[in-house]
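Down below is the structure, laid out as structure tokens.
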Amino acid sequence: MIKIAAVGGEIRAALLAWYDAHRRDLPWRAAAAETPDPYRVWLSEVMLQQTRVETVRPYYERWLERFPTLESLAEAPRDEVMKAWEGLGYYSRARNFHRAVREVAESYGGTVPSEPEAFRALPGVGRYTAGAVMSIAYGREAPLVDGNVRRVFARWMDAPDPRDAELWSLAGALVPGPRPGDLNQALMELGATVCTPRSPRCGACPVAQWCAARAAGTQEQRPARRVAKPLPHEDTAVAVVRHASRLLLVRRRPGVRLGGMWGFPGAVRRPDEAVGAAAARAVHEGVGLDVQTMDPLGVVEHTFTHVRVTYRAIWCEVQGGEPAALGYDAWVWAARDELDRYALPSAQKKLAALATETSLFSP
Ligand code: SF4
Numbered sequence: 214m215i216k217i218a219a220v221g222g223e224i225r226a227a228l229l230a231w232y233d234a235h236r237r238d239l240p241w242r243a244a245a246a247e248t249p250d251p252y253r254v255w256l257s258e259v260m261l262q263q264t265r266v267e268t269v270r271p272y273y274e275r276w277l278e279r280f281p282t283l284e285s286l287a288e289a290p291r292d293e294v295m296k297a298w299e300g301l302g303y304y305s306r307a308r309n310f311h312r313a314v315r316e317v318a319e320s321y322g323g324t325v326p327s328e329p330e331a332f333r334a335l336p337g338v339g340r341y342t343a344g345a346v347m348s349i350a351y352g353r354e355a356p357l358v359d360g361n362v363r364r365v366f367a368r369w370m371d372a373p374d375p376r377d378a379e380l381w382s383l384a385g386a387l388v389p390g391p392r393p394g395d396l397n398q399a400l401m402e403l404g405a406t407v408c409t410p411r412s413p414r415c416g417a418c419p420v421a422q423w424c425a426a427r428a429a430g431t432q433e434q435r436p437a438r439r440v441a442k443p444l445p446h447e448d449t450a451v452a453v454v455r456h457a458s459r460l461l462l463v464r465r466r467p468g469v470r471l472g473g474m475w476g477f478p479g480a481v482r483r484p485d486e487a488v489g490a491a492a493a494r495a496v497h498e499g500v501g502l503d504v505q506t507m508d509p510l511g512v513v514e515h516t517f518t519h520v521r522v523t524y525r526a527i528w529c530e531v532q533g534g535e536p537a538a539l540g541y542d543a544w545v546w547a548a549r550d551e552l553d554r555y556a557l558p559s560a561q562k563k564l565a566a567l568a569t570e571t572s573l574f575s576p
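Residue numbers for the sequence shown follow our numbering, beginning at 214 and rising by one.
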């Protein structure tokens, strides 16, 4: 185990010097003399969770054009916020961020709280986000551990599967001192650019002399790879209901998978349930319409973090009833050129493309 009490100061100094010389220029990073904007720091940290830097970059820039300040985001309708997040995935991040920002506007006069406990109590703010925002935006000595830091620490310790408590304790021992935000960013940057999962560049590493895995030659095996469990599978019938050249879209309730996003009504098929029967059930239970199912439209496969889904789309015609938001929180008949106004997750976008590209749907 690395003895932070003995060498922590040297490691800090080496990391900060390396960071000053090698940090990437990223749109959410304040320049050396600039004061970071807590709203921007927070936004970038939320966007970067589970998502690559290059994917985030254009979203971040477009987002700030649309919602340049915390107040502008707090005032925006949820549909607009979800539309701006469309394609980034993990939509609960956007819902929670929007709720949290509204709470900051209402309860803190629009200023992101600088007290870690207050910030941590906001919706969607976990230990990592709190550490990142508190240290980067406010210079608080708040530790953080993300996937990159975990890998770096596992290698310093030469530990195949370090416990969370050990990792957070190491981060907590290292962060006190000057520039805690830069120290945290230096650790993450090291993991992202030098101490990479495969072929770490130990020759270019500022902390190589304190790295137990390097000394043992076990860098590539640390941390040990976790064996991925096979994902459960859902077979979902999707009802593409057409009526007077419009398609029925529904908005999913908050708190469910893809909550707040729009799409077609759907239901996971029960054992031995036909696609048409499941699709008709989805429409009946979701919006109270009775439909006749027609031709199959196509199949879209999608993998979420915890489940793999096969969407089987089928055309449906309205037979009776008036739409009502029963199992969803809103519904709309959308014309072909209006589909783009609604925030659709990627699988639903593919289903919409199947529906609008076929001659069976004429505008
Ligand atoms: S010496 Fe190599 S394995 Fe150790 S922290 Fe540096 S890059 Fe990672």
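Backbone N, C-alpha and C define an ideal beta-carbon position, used for all residues, glycine too.
Status (buried if at least 16 other CB within 10 Å, exposed otherwise) for E530:
Locating residue 530 in the sequence shown gives position 317, counting from the first residue. Classification of E530: exposed, given that the 10 Å Cβ count is below 16.
Need the endpoints of the beta strand (DSSP E) that W546 sits in, please.
If you number the sequence shown from 1, residue 546 lands on position 333. For W546, the enclosing beta strand (DSSP E) covers residues 543-548.
Between which residues of its own chain and W423 is the CB-CB distance below 7 Å, once the five residues before and five after are set aside?
As a first step, residue 423 must be located in the sequence shown, where it is residue number 210. Cβ within range, chain order: I215, V220, I224, W369.
Quick check: does the Cβ of L286 come within less than 8 Å of any heavy atom belonging to the ligand SF4?
Residue numbering aside, residue 286 sits at position 73 when the sequence shown is read from its first letter. L286 has its Cβ no nearer than 8 Å to any heavy atom of the ligand SF4.
Give the straight-line distance between the Cα atoms of L286 and P373, rounded to the nearest whole angstrom.
As a working note, residue 286 is residue 73 in the sequence shown. As a working note, residue 373 is residue 160 in the sequence shown. Rounded to the nearest angstrom, the gap between the Cα atoms of L286 and P373 is 42 Å.
Residue range of the beta strand (DSSP E) that Y524 falls in?
Position 311 of the sequence shown holds residue 524. Residues 521-533.
With a threshold of 8 Å (Cβ to nearest heavy atom), would P410 be considered close to the ligand SF4?
For the purposes of this step, residue 410 is identified with residue 197 of the sequence shown, where counting begins at 1. Incorrect: P410 has no Cβ contact closer than 8 Å to the ligand SF4.
May I ask whether a heavy atom of the ligand SF4 can be found less than 8 Å away from the beta carbon of L380?
Taking the first residue of the sequence shown as 1, we reach residue 380 at position 167. For L380, the shortest C-beta to heavy atom distance toward the ligand SF4 is 8 Å or greater.
Would you mind reading off the limits of the beta strand (DSSP E) that contains P509?
Residue mapping note: residue 509 aligns to position 296 of the sequence shown, counting from 1. Judged by DSSP secondary structure, P509 falls within the beta strand (DSSP E) whose first and last residues are 503-516.
Considering only C-alpha positions, which residue in the set R275, W231, C418 is nearest to P240?
Here residue 240 corresponds to residue number 27 of the sequence shown, with the count starting at 1. When each option's Cα is compared against that of P240, the closest is R275.
What's the C-alpha gap between R237 and E267?
Taking the first residue of the sequence shown as position 1, residue 237 is located at position 24. Taking the first residue of the sequence shown as position 1, residue 267 is located at position 54. Inter-residue distance for R237 and E267 is about 12 Å (C-alpha atoms, whole angstroms).
Can you round the beta-carbon distance between L502 and W528 to whole angstroms, since I take them to be within the 8 Å contact cut?
One-based indexing of the sequence shown puts residue 502 at position 289. One-based indexing of the sequence shown puts residue 528 at position 315. Actually they do not touch by this definition, with Cβ atoms about 14 Å apart.
Spatial neighbours of K296 within its chain, please: CB distance less than 6 Å, with the 5 preceding and 5 following residues excluded, ordered by chain position.
In the sequence shown, counting from the first residue as 1, residue 296 sits at position 83. Once the five neighbours on either side are set aside, the close Cβ partners of K296 are A556.
Does the segment 552-569 come within contact of the segment 293-308, defined as at least 3 CB pairs closer than 8 Å?
Touching, per the Cβ criterion.
Reduced DSSP secondary structure (H/G/I, E/B, other) of L256
As a position in the sequence shown, residue 256 is number 43, starting the count at 1. DSSP, read as helix, strand or coil, puts L256 in helix.
Do the segment 451-463 and the segment 538-554 meet, that is, are 3 or more Cβ pairs less than 8 Å apart?
Put simply, the segment 451-463 touches the segment 538-554. At least three CB pairs are less than 8 Å apart.
Please classify P326 as buried or exposed, where buried requires at least 16 other C-beta atoms within 10 Å of its C-beta.
Counting from one through the sequence shown, the residue named residue 326 turns up at place 113. Flag for P326 reads buried.
Rounding to the nearest angstrom, what Cα-Cα distance links A384 and G323 in this structure?
Here residue 384 is taken as the residue at index 171 of the sequence shown, counted from 1. Here residue 323 is taken as the residue at index 110 of the sequence shown, counted from 1. Distance between the alpha carbons of A384 and G323: 30 Å.
Per the contact definition of three or more C-beta pairs closer than 8 Å, is the segment 375-384 in contact with the segment 410-423?
Remark: fewer than three beta-carbon pairs, one from each stretch, lie closer than 8 Å, so the segment 410-423 and the segment 375-384 are not flagged as touching.
E258 and A345 - do their beta-carbons sit closer together than 9 Å?
The count along the sequence shown starts at 1 and reaches residue 345 at position 132. The count along the sequence shown starts at 1 and reaches residue 258 at position 45. Cβ atoms of A345 and E258: closer than 9 Å.
Given a cut-off of 9 Å on the beta-carbon distance, is the pair E293 and R279 in contact?
The count along the sequence shown starts at 1 and reaches residue 293 at position 80. The count along the sequence shown starts at 1 and reaches residue 279 at position 66. Cβ atoms of E293 and R279: closer than 9 Å.
On the criterion of 16 or more Cβ atoms from any shown chain inside 10 Å, does L444 qualify as buried, or is it exposed?
Locating residue 444 in the sequence shown gives position 231, counting from the first residue. With fewer than 16 other Cβ atoms within 10 Å, it is exposed.
Given a cut-off of 9 Å, decide if V454 and V504 are closer than it, judged by their beta-carbon atoms.
Position 291 of the sequence shown holds residue 504. Position 241 of the sequence shown holds residue 454. Yes, Cβ-Cβ distance for V504 and V454 is below 9 Å.
R470, buried or exposed, once every other Cβ within 10 Å from all chains shown has been counted against 16:
What you label residue 470 is simply residue 257 of the sequence shown in a count that begins at 1. It is exposed - the Cβ of R470 has fewer than 16 other Cβ atoms within 10 Å.
Can you list, in chain order, the residues of its chain with a C-beta nearer than 6 Å to that of Q525? Leave out the 5 residues immediately preceding and following it.
Looking up residue 525 in the sequence shown gives position 312. Here the sequence assigns Arg to residue 525, which means Gln is not the residue at that position. Excluding its 5 nearest sequence neighbours in each direction, R525 has C-beta neighbours in its own chain below 6 Å: A450, V488, V512, listed in chain order.
Are there any heavy atoms of the ligand SF4 lying less than 8 Å away from the beta-carbon of P413, as far as the coordinates show?
The count along the sequence shown starts at 1 and reaches residue 413 at position 200. Taken from the Cβ of P413, at least one heavy atom of the ligand SF4 lies inside 8 Å.
Would you mind reading off the limits of the alpha helix (DSSP H) that contains R435?
Here residue 435 corresponds to residue number 222 of the sequence shown, with the count starting at 1. Element bounds for R435: n/a, residue is neither H nor E.
Per DSSP, cross-strand counterpart(s) of D448
Within the sequence shown, residue 448 is the residue found at index 235, counting from 1. According to DSSP, D448 bridges with T523.
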